[in-house]
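Engineer: Right, I'll just put the structure down here and ask away after.
Protein chains: 2
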Amino acid sequence: MASLQDVADLAGVSVSTVSRALRGTGRVSEATRNRIKQAAESVHFTLSRSASSLASGKTMRVSIVVIDRINTWFNASAIQGAYEVLEPAGYDVVPRVVSTSEDLDAFVRHLPGNRNLDGIIVVSINLDDEYVRILRDITVPSVGLDARSRAGYSATVRVDEQVAMRQAVGLLHSLGHRRIGFVEMPNNPDFLLSAKRRSGAFLRAARDLGYNEFDLSVFEGQDFGHFRSFDEAVSQTSSRIIAQFRRPTALCVEIDDFAIALQYALRKAGIRVPEDIALIGFDDNSRAEMAGLTTLRQDPHRMGQLAAEQILQLMQGQVLAEPHQLLQTTLVTRQSTGAL
Amino acid sequence: MASLQDVADLAGVSVSTVSRALRGTGRVSEATRNRIKQAAESVHFTLSRSASSLASGKTMRVSIVVIDRINTWFNASAIQGAYEVLEPAGYDVVPRVVSTSEDLDAFVRHLPGNRNLDGIIVVSINLDDEYVRILRDITVPSVGLDARSRAGYSATVRVDEQVAMRQAVGLLHSLGHRRIGFVEMPNNPDFLLSAKRRSGAFLRAARDLGYNEFDLSVFEGQDFGHFRSFDEAVSQTSSRIIAQFRRPTALCVEIDDFAIALQYALRKAGIRVPEDIALIGFDDNSRAEMAGLTTLRQDPHRMGQLAAEQILQLMQGQVLAEPHQLLQTTLVTRQSTGAL
DNA sequence: CTGAAAGCGCTTACAG
DNA sequence: CTGAAAGCGCTTACAG
Chain F
1 MASLQDVADL AGVSVSTVSR ALRGTGRVSE ATRNRIKQAA ESVHFTLSRS
51 ASSLASGKTM RVSIVVIDRI NTWFNASAIQ GAYEVLEPAG YDVVPRVVST
101 SEDLDAFVRH LPGNRNLDGI IVVSINLDDE YVRILRDITV PSVGLDARSR
151 AGYSATVRVD EQVAMRQAVG LLHSLGHRRI GFVEMPNNPD FLLSAKRRSG
201 AFLRAARDLG YNEFDLSVFE GQDFGHFRSF DEAVSQTSSR IIAQFRRPTA
251 LCVEIDDFAI ALQYALRKAG IRVPEDIALI GFDDNSRAEM AGLTTLRQDP
301 HRMGQLAAEQ ILQLMQGQVL AEPHQLLQTT LVTRQSTGAL
Chain A
1 MASLQDVADL AGVSVSTVSR ALRGTGRVSE ATRNRIKQAA ESVHFTLSRS
51 ASSLASGKTM RVSIVVIDRI NTWFNASAIQ GAYEVLEPAG YDVVPRVVST
101 SEDLDAFVRH LPGNRNLDGI IVVSINLDDE YVRILRDITV PSVGLDARSR
151 AGYSATVRVD EQVAMRQAVG LLHSLGHRRI GFVEMPNNPD FLLSAKRRSG
201 AFLRAARDLG YNEFDLSVFE GQDFGHFRSF DEAVSQTSSR IIAQFRRPTA
251 LCVEIDDFAI ALQYALRKAG IRVPEDIALI GFDDNSRAEM AGLTTLRQDP
301 HRMGQLAAEQ ILQLMQGQVL AEPHQLLQTT LVTRQSTGAL
């Protein structure tokens, strides 16, 4: 396997010159550069990232931390977005999955001594105070994507949930719904996702529009471990909704996948959607259109790009013009809320 | 940032001993090991992968190459599967996207001199002869996942398309369909995906069951670039099908997403599914159930795990008991083929 | 069981 | 514009 030295010998120059020529840094004469490039080509030379990294102190690696799985609609889209801006800049994107608070703990605790990454993008994780302290003290920049709070992150990208919920509740209000509710997902108890913030935003938006406590209900998400399956969680939630005293005529559901399953379960139980209960989701994922689900569209792919742009600037030591970016959702109206 | 040397000083031993103790290699006394572990903890020590890599010659990195996007159902599931087995073994999984033949070319041509990965998993790419030659000569093992041919790869994992198509055609035959066809996807012209193999397998299966040339049709996939959008490709294909002389009463479609879109377009054009045309997809992806699509289920998540297990063994220099694994699909019957 | 030392393949001041 | 040399932080024979 050819090394810098081999290329240097071939081109009749020193390794320093080869290094400079290949990376386009420092002045190297046109002629020398060409000679070197040819020599490099001829032996299929590729820089050893390990050696470069060790010498330069930069790993050219950014880690993207996601909860539970890489292959969810949100996570995979965010990773793709980040990849699109990081790859052309020469960085490897290294996914890291955490499933339990121990996983996260191990990851965060190793951060202070970690020389294996130049930046971190963290998806849908809110940091408790201890982690905030650790993140603040490390030299590696971190960007929170879809985090509830800015705490601990050098920069954040998230969706404006308050405006989103105003859009949703506004639609329900204009359709004449007087009793409305919010349905939280079953959750991974080790992570405080965006659920609480989203239901809080829902309640605030509703009160602003004149709904009072008796007209509002929140179906709280339970620990996912309580259920044998996703389907069981859905049908249990469906039953709770149906049995509810002064049952709402419209529901905002935390995410599309749950809303879609719920719509199916409700209909199976004889509840008509949207006539008896109207439904609004959140995401506009790949199944929402087919399900005829009215929803709040967000764009994790774009969020991944933005987070990557931020981390890129931070890694270059730049000061961000807008470290905390708030994106707006788009209300997409479909059958699950009936005709406008 | 603490280095091995710092830990050694703290524990009062040499760096060699620290290195051995931390990695659990070589004999180190219980007492020494504990002292070292404590010292390491206390300064949040983490090994520098770059330095380890440079010294040991192993990068602890495996690249997974996918076409066009990370966030497709197939690709993201495969990556997740690979991650699950590679991460516990200490390897980073580094996704790499190729969109054009130039991308692939650049990647493959750099392989011979590449010291930046220990193994490669390549998804849905068939190698032409030149690449086969390059791959054969490099020292890094490669696993082909969903490749049409074994050529060039140290090992492969794929689905048995011949059996799959026999399942599908068998169902159509038993349902009494006498004129049947296969619909290819619009394709990325830079990559020869599995389309041709799949339609070939369809034709073989159909002939074996007694269908003759006049009863069979193949709607060939066109260069995706010809269309302004996916929807346009779909509606064009739909029109071709409808206009077909001696139109088939049942179609196998190359993948679910296209089948689902096609079902929608056909119905919109007044063709009843399954009464006028029955449809069978391929994948059983997350939308197939909702669409009521009969389909051939495959499991890219499992394929990713298997490919990772193979590459792991190859990287350890082991000889594979079964280098070429063929998985079976499961026929999942739903409304798009009517009642059995 | 432990240590001294060479070496992995680069980058980067420092000189010239 | 170019080169000699130090050094990045580890691993791994080699000795003892």
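For the record, the sequence lines run as chains F and A. Per the UniProt record's numbering: the first sequence = residues 1 to 340. Per the UniProt record's numbering: the second sequence = residues 1 to 340. C-beta: ideal position from N, C-alpha, C; glycine also. Quantities reported herein were computed from a predicted structural model and do not represent experimental measurements.
#1: Determine, using beta carbons only, whether N71/A comes closer than 8 Å to chain F.
#2: Just to confirm my understanding: we take F182/F, look at its own chain, exclude 5 residues before and 5 after, and list those with CB closer than 6 Å. What are they?
#3: Using CA coordinates, which residue listed in A78/F, L279/F, V140/F and V132/F is at the minimum distance from L296/F?
#4: Give me the chain F residues within the contact set of L54/A, using Cβ-Cβ distance strictly less than 8 Å, ordered along the chain.
#5: Return helix, strand or coil for I241/F, following the three-state DSSP convention.
#6: Measuring only the C-alpha atoms, how far is L10/F from R20/F?
#7: Taking 8 Å as the threshold (beta carbon to beta carbon), is residue 346/F in contact with chain A?
#8: Given a threshold of 16 other Cβ atoms within 10 Å of its Cβ, counted over all protein chains shown, does V234/F qualify as buried or as exposed?
#9: Within 8 Å of any Cβ in chain F, is that where the Cβ of T59/A sits?
#10: Taking 8 Å as the CB-CB cut-off, is G24/A touching chain F?
#11: With DSSP as the reference, identify every bridge partner of I260/F, one or two as the case may be.
#12: So, does the CB of D92/F fall closer than 8 Å to a CB anywhere in chain A?
#13: For P112/F and chain A, any beta-carbon pair shorter than 8 Å?
#14: Beta strand (DSSP E) containing F219/F: first to last residue?
#15: Three Cβ pairs or more, each shorter than 8 Å: is that satisfied between the segment 127-134 of chain A and the segment 100-117 of chain A?
#16: Taking only beta-carbon atoms, is Y83/F less than 8 Å away from chain A?
#17: Within 10 Å of its beta-carbon, does L262/A have 16 or more other beta-carbons around it, so buried, or fewer, so exposed?
#18: Whose Cβ in chain F lies nearer than 7 Å to the Cβ of Q80/A?
#19: Check for me: the alpha helix (DSSP H) holding Q313/F runs from which residue to which?
#20: When the Cα atoms are used, what is the spatial distance from I79/F to E30/A?
#21: Buried or exposed for N116/A, going by 16 or more other Cβ atoms inside 10 Å?
#22: Which one of R267/A, A151/A and N71/A has the shortest CA to CA distance from G81/F?
#23: Got a sec: is the Cβ-Cβ distance from V97/A to anything in chain F below 8 Å?
#24: DSSP puts S3/A in a beta bridge; with which residues?
#25: Would you list the residues sitting across from residue 341/A in a DSSP beta bridge?
#26: Looking at the secondary structure, which residues open and close the alpha helix (DSSP H) in which D137/A lies?
#27: I want to know whether the segment 46-61 of chain F touches the segment 35-53 of chain A - three or more CB-CB distances under 8 Å.
#28: When DSSP builds the beta bridges, which residues end up paired with L54/F?
#29: Counting only beta-carbon separations shorter than 8 Å, does residue 363/F have a partner in chain A?
#30: With a threshold of 8 Å, are at least 3 pairs of Cβ atoms found where one atom belongs to the segment 243-258 of chain A and the other to the segment 162-180 of chain A?
#31: Could you tell me the boundaries of the alpha helix (DSSP H) in which Q325/F lies?
#32: Using only CA atoms, which one of D257/A, S14/A, A269/A and L306/A lies nearest to F282/A?
#33: Does the Cβ-Cβ distance between F191/A and I67/A come in under 8 Å?
#34: What are the boundary residues of the beta strand (DSSP E) that includes I180/F?
#35: Can you find the residues in the same chain that come closer than 6 Å, C-beta to C-beta, to L314/F, ignoring five residues on each side of it along the sequence?
#36: Classify D92/F as helix, strand or coil using the three-state DSSP reduction.
Structural biologist: Let's see:
#1: Residue 71/A sits at position 71 when you count from the first residue of the second sequence. True, the Cβ-Cβ gap to chain F drops below 8 Å.
#2: As a first step, residue 182/F must be located in the first sequence, where it is residue number 182. Cβ within range, chain order: S199, F202, V218 and C252.
#3: Mapped onto the first sequence, residue 296/F falls at position 296. Comparing Cα positions, the closest option is L279/F.
#4: For this step, residue 54/A is matched to residue 54 along the second sequence. Going along chain F in sequence order, the residues near L54/A (Cβ under 8 Å) are S48, S50, A51 and L54.
#5: Taking the first residue of the first sequence as position 1, residue 241/F is located at position 241. In the structure shown, I241/F sits in a helix (DSSP, three-state: H, G or I).
#6: Walking along the first sequence from the start, residue 10/F turns up at place 10. Walking along the first sequence from the start, residue 20/F turns up at place 20. Between L10/F and R20/F, the C-alpha separation is close to 16 Å.
#7: Residue numbering for chain F in the displayed model covers 1 to 340; residue 346/F lies beyond these limits and cannot be assessed.
#8: Mapped onto the first sequence, residue 234/F falls at position 234. Burial of V234/F is indicated by the presence of at least 16 other C-beta atoms within 10 angstroms of its C-beta.
#9: Residue numbering aside, residue 59/A sits at position 59 when the second sequence is read from its first letter. Yes, because at least one Cβ of chain F sits closer than 8 Å to the Cβ of T59/A.
#10: As a working note, residue 24/A is residue 24 in the second sequence. For G24/A, the answer is no, since every Cβ of chain F falls outside 8 Å of its Cβ.
#11: The residue labelled residue 260/F in the question sits at position 260 within the first sequence. Beta-bridge partners assigned by DSSP to I260/F: none are found.
#12: Locating residue 92/F in the first sequence gives position 92, counting from the first residue. Cβ-Cβ to chain A under 8 Å: yes for D92/F.
#13: In the first sequence, the residue the question calls residue 112/F occupies position 112. With 8 Å as the cut-off, P112/F counts as an interface residue toward chain A.
#14: Residue numbering aside, residue 219/F sits at position 219 when the first sequence is read from its first letter. L216 to F219 is the extent of the beta strand (DSSP E) around F219/F.
#15: Touching, per the Cβ criterion.
#16: The residue given as residue 83/F occupies position 83 in the first sequence. Chain A, which has a Cβ nearer than 8 Å to the Cβ of Y83/F, makes this yes.
#17: Your numbering for residue 262/A matches position 262 in the second sequence. With 16 or more other Cβ atoms within 10 Å, it is buried.
#18: On the second sequence, position 80 is the one that residue 80/A refers to. Within chain F, the residues placing a beta-carbon under 7 Å from that of Q80/A are R69, I70 and N71, ordered along the chain.
#19: Here residue 313/F is taken as the residue at index 313 of the first sequence, counted from 1. Segment P300 to M315, the alpha helix (DSSP H) holding Q313/F.
#20: In the first sequence, residue 79/F corresponds to position 79, counting from 1. In the second sequence, residue 30/A corresponds to position 30, counting from 1. Put simply, the backbone Cα of I79/F is about 43 Å away from that of E30/A.
#21: By one-based count along the second sequence, residue 116/A stands at place 116. N116/A comes out buried.
#22: As a first step, residue 81/F must be located in the first sequence, where it is residue number 81. Of R267/A, A151/A and N71/A, the residue nearest in Cα terms is N71/A.
#23: Residue numbering aside, residue 97/A sits at position 97 when the second sequence is read from its first letter. Taking Cβ atoms only, chain F reaches closer than 8 Å to V97/A, which makes this a yes.
#24: Position 3 of the second sequence, counting from 1, holds the residue named residue 3/A. Bridge partners of S3/A: none, in fact.
#25: The requested residue 341/A does not occur in the structure, where chain A is confined to residues 1 to 340.
#26: On the second sequence, position 137 is the one that residue 137/A refers to. Counting along the chain, the alpha helix (DSSP H) containing D137/A begins and ends at D129 to D137.
#27: yes
#28: For this step, residue 54/F is matched to residue 54 along the first sequence. DSSP, once it has assigned bridges, lists no residue as partnering L54/F.
#29: Because residue 363/F is not part of the residues shown, which for chain F are 1 to 340, the question remains open.
#30: yes
#31: As a first step, residue 325/F is located in the first sequence; it is residue number 325 there, counting from the start. Element bounds for Q325/F: not the alpha helix (DSSP H) but the beta strand (DSSP E), H324 to L327.
#32: Here residue 282/A refers to the residue found at position 282 of the second sequence. With distances taken between Cα atoms, F282/A lies closest to D257/A.
#33: Residue 191/A sits at position 191 when you count from the first residue of the second sequence. Residue 67/A sits at position 67 when you count from the first residue of the second sequence. Yes; because the gap between Cβ atoms is below 8 Å, this pair is in contact.
#34: As a working mapping, residue 180/F is identified with position 180 in the first sequence. In the DSSP assignment, I180/F falls within the beta strand (DSSP E) that extends over I180 to V183.
#35: The residue you call residue 314/F lines up with position 314 of the first sequence. Excluding residues within five positions, the ones whose Cβ falls inside 6 Å are P141 and S154.
#36: Your numbering for residue 92/F matches position 92 in the first sequence. In this structure, D92/F counts as strand in the three-state DSSP scheme.
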